[in-house]
Ligand code: 5RP
C-alpha cells in the first residue's frame with residue numbers, strides 16, 4: 041500500500057490535534073469536510089478507548105451525521121442543549137485576521153449556526169488554505185432558495201460579483217444543499233476588500249439564506265503543515 045500524500049497527512053494531523061483538545065463531558069459541534077472528518081474519527085477513537093467519556097455531538101451536515109454514527113459519537117440537537125463547549129470545522133480560506141470563507145461542501149448555513157454557538161470554535165486547515173485576502177483562491181458560496189435564484193444572481197452582480205450556479209458531480213443539474221436549496225459561487229475579481237460589510241449585504245438580498253463569509257467566528261486556527269519533511273501542527 042502506498043503512503044498517504046502530504047495533504048492527507050496534514051489533514052490527519054490537524055484533525056487529530058483538534059480532537060485531542062476535546063474534554064470529557066463536552067458538547068461538540070461536528071463540522072463538515074475532509075479535514076474535520078479526521079477529527080470526528082479521532083474523537084470516536086478516543087471514546088472507544090475510554091480516553092474520552094460522555095460526549096455529545098451536534099452535526100453540521102448529513103456527512104457529519106453519518107460519520108458521527110460510524111465512529112460511535114452520540115448526537116443531540118440544538119433544542120436539547122443550553123451550551124456548546126467546542127466546535128471543530130474546516131475552512132476553504134483563512135486570512136491573517138482569522139476571517140474565513142467556508143461552504144466548499146455546501147454546508148455553510150448549518151456550519152455558521154453551530155460554529156457561532158460554540159464557546160470555542162477550532163478551525164482545522166492545511167497550510168494551502170491560508171490567504172492574504174479572502175476571495176482570491178476560492179469563490180464565495182451563497183445558499184439561495186431555488187425560486188429566487190435569478191433575482192439573487194442579478195443582485196450579486198450589482199454588488200460587483202460574478203455568480204455561477206454550483207453544479208453537481210455525478211449528478212445531472214445543480215448541487216442541492218441539505219436544506220433543499222441551491223448554491224451560487226461568487227467571484228470577486230480583486231478578492232473581498234471588506235468581509236465584515238459584504239457578509240450582511242449578501243444576506244440582506246431577499247432569497248439568500250446564508251453566505252460563506254465567517255467574520256469574527258473563529259477562535260483558534262490549527263494549521264497542518266509539512267516542515268522539513270515531517271508533518272506538524274501550529275496554532276495561528
Ligand atoms: C463545508 C466546508 C468545509 O469545512 C470546507 O469546504 C473545508 O473542507 P475540506 O476540509 O474538505 O478542505 O466549509 O461546507
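In the numbering used here, the protein residues as written are 41 to 276.
Note that beta-carbon positions come from the ideal geometry of N, C-alpha and C, so glycine has one too.
Please read all numbers here as calculations on a predicted model, not as lab measurements.
Counting only the same chain and skipping the five closest in sequence on each side, list residues whose C-beta sits under 8 Å from that of residue i.
i, result
"residue 219", "149, 150, 183, 249"
"residue 64", "92, 93, 94, 95"
"residue 74", "51, 130"
"residue 121", "67, 96, 98"
Residue i: which of the options sits nearest, CA to CA?
i, options, result
"residue 125", "166, 141, 210, 59", "59"
"residue 119", "67, 166, 257, 167", "67"
"residue 256", "263, 137, 209", "137"
"residue 128", "121, 142, 135", "142"
"residue 154", "139, 172, 123", "123"
"residue 263", "69, 181, 169", "169"
"residue 187", "199, 221, 181", "221"
"residue 242", "213, 270, 180", "180"
Starting from residue i and walking both ways along the alpha helix (DSSP H), at which residues does that stretch end?
i, result
"residue 43", "Here residue 43 belongs to no alpha helix (DSSP H), and DSSP marks it neither H nor E."
"residue 102", "102–110"
"residue 146", "Counting along the chain, residue 146 falls outside any alpha helix (DSSP H), and DSSP gives it neither H nor E."
"residue 274", "Careful: residue 274 lies outside any alpha helix (DSSP H), inside the beta strand (DSSP E) at 270–275."
"residue 192", "189–198"
"residue 92", "Taken as a continuous stretch (DSSP letters only), residue 92 belongs to no alpha helix (DSSP H), as it is neither H nor E."
"residue 236", "235–243"
Write down the C-beta distance between residue i and residue j rounded to the nearest angstrom, noting that I regard them as a contact closer than 8 Å.
i, j, result
"residue 178", "residue 201", "About 13 Å separates the two Cβ atoms, so there is no contact after all."
"residue 162", "residue 259", "7 Å"
"residue 114", "residue 97", "7 Å"
"residue 135", "residue 172", "7 Å"
"residue 144", "residue 191", "About 25 Å separates the two Cβ atoms, so there is no contact after all."
"residue 199", "residue 133", "Contact flag wrong, Cβ pair sits at about 19 Å."
Quick one: what's got a C-beta closer than 6 Å to residue i's C-beta in the same chain, skipping five residues either side?
i, result
"residue 203", "193, 196, 224, 226"
"residue 211", "none"
"residue 253", "235, 239"
"residue 215", "146, 206, 208, 223"
"residue 274", "263"
"residue 185", "221, 247"
"residue 105", "99"
"residue 266", "46"
"residue 103", "72"
Using C-beta distances below 7 Å, list every residue in its chain close to residue i, excluding the 5 sequence neighbours before and after it, in chain order.
i, result
"residue 176", "231"
"residue 147", "72, 100, 101, 218"
"residue 88", "112"
"residue 271", "49, 50, 53, 264"
"residue 56", "78, 82"
"residue 276", "138, 261, 263"
"residue 108", "70, 80, 97, 99, 115"
Looking at the unbroken beta strand (DSSP E) that takes in residue i, where does it start and where does it end?
i, result
"residue 180", "180–184"
"residue 249", "248–251"
"residue 210", "Where residue 210 is concerned, there is no enclosing beta strand (DSSP E), given that its DSSP letter is neither H nor E."
"residue 227", "222–227"
Any heavy atom of the ligand MN closer than 6 Å to the beta-carbon of residue i?
i, result
"residue 130", "In the structure on display, the ligand MN does not appear, and the ligands it does have are the ligand 5RP."
- Touch test, the region 75–92 against the region 154–161, Cβ-Cβ under 8 Å, three pairs minimum: no
- Query: At a cut of 8 Å, does the region 49–57 reach the region 164–178 through at least three beta carbon pairs?
  - Reply: yes
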